[in-house]
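Residue numbers (the numbering used here): 24 to 316.
For glycine and all other residues, C-beta sits at the position ideal for the given N, C-alpha and C.
Notes follow once the structure below has been shown.
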Ligand SMILES: [Zn+2]
């Protein structure tokens, strides 16, 4: 059960593009986090966008974190991608529902509220790269577009869509991201603008059975598109007992002792995948020797 992510470039090398089919990824997130319809769409869009942004990373140890920090009732949305586009993520208020907008659409922007979009790129250097912009609409795709325009000066078109079925499972999810590289000819820009404005919503395309490749061919119609890479991508969390042990050890000896005295064992929950890790009193005592005073 995986999604598909493709990377492409046009033959004259002035446009790069990414597209993702991620129904299984968003459905997995929905089930592990117990997401409402609204949260499924909000977190789903963030996961899909982050996955494509992760493709811009260079090496295996790099990661990209997207944080949507709004003041709305949804709280923050956090998603992390590796360099292949495997993602994980969570939302503060997974069960939130809101009335639809006057246009009858899910009110994602209202759920997110005003605030910032923060992109953190951990490139295995001493300091991570951090970019921050004001949220435009809180609808995620427009905010990602704005981020690239302001923080990276890369003109970008981003479209993300999640369609929820009547039984509340994810019916379709995906998106695309098109970026103009320096010196793109005006006629190429005009052509892409024309294509994009004629393109139906991405959820409709996916629901009609369009593959990521077919979506890019429509968005870049009239240009010669070369698919550079096709990857299978998943909701993937690198958490495990070892990482959780390290987190406990990093609390220090005093804090660990008080947990042992007050609670006996410890229960740790991974925010990203909702997996629970239980540590017995004996296990915690074993970690004490590794902790610093
Ligand atoms: Zn996890």
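Item                                                                                                                                             : Value
Throw me the rounded Cβ distance for the residue 163 and residue 68 pair, which I believe falls under 8 Å.                                       : 4 Å
What residues in its chain sit with their C-beta under 7 Å from that of residue 207, if we drop five residues either side in the sequence?       : 37 and 38
Taking 8 Å as the cut-off, is the beta-carbon of residue 295 closer than that to any non-hydrogen atom of ligand 1?                              : yes
Where does residue 171 fall in DSSP's three states?                                                                                              : helix
Can you tell me where the beta strand (DSSP E) holding residue 177 begins and where it ends?                                                     : Where residue 177 is concerned, there is no enclosing beta strand (DSSP E), given that its DSSP letter is neither H nor E.
Check whether the Cβ of residue 117 lies closer than 8 Å to any heavy atom of ligand 1, and answer yes or no.                                    : no
Heavy atom of ligand 1 less than 8 Å from the Cβ of residue 244, yes or no?                                                                      : no
Does the Cβ-Cβ distance between residue 91 and residue 158 come in under 9 Å?                                                                    : yes
Count the other CB atoms within 10 Å of the CB of residue 388; is the residue buried (16 or more) or exposed (fewer)?                            : No information on residue 388 is available, as it lies outside the stretch 24 to 316 that the chain covers here.
Whole angstroms is fine: what's the gap from residue 181's alpha carbon to residue 48's?                                                         : 19 Å
Closer than 8 Å to a non-hydrogen atom of ligand 1 - does that hold for the CB of residue 78?                                                    : no
Among the residues of its own chain, which have a CB less than 8 Å from the CB of residue 195, if the five just before and after it don't count? : 46, 184, 185, 186, 226, 229 and 230
Helix, strand or coil for residue 105, going by three-state DSSP, please let me know.                                                            : strand
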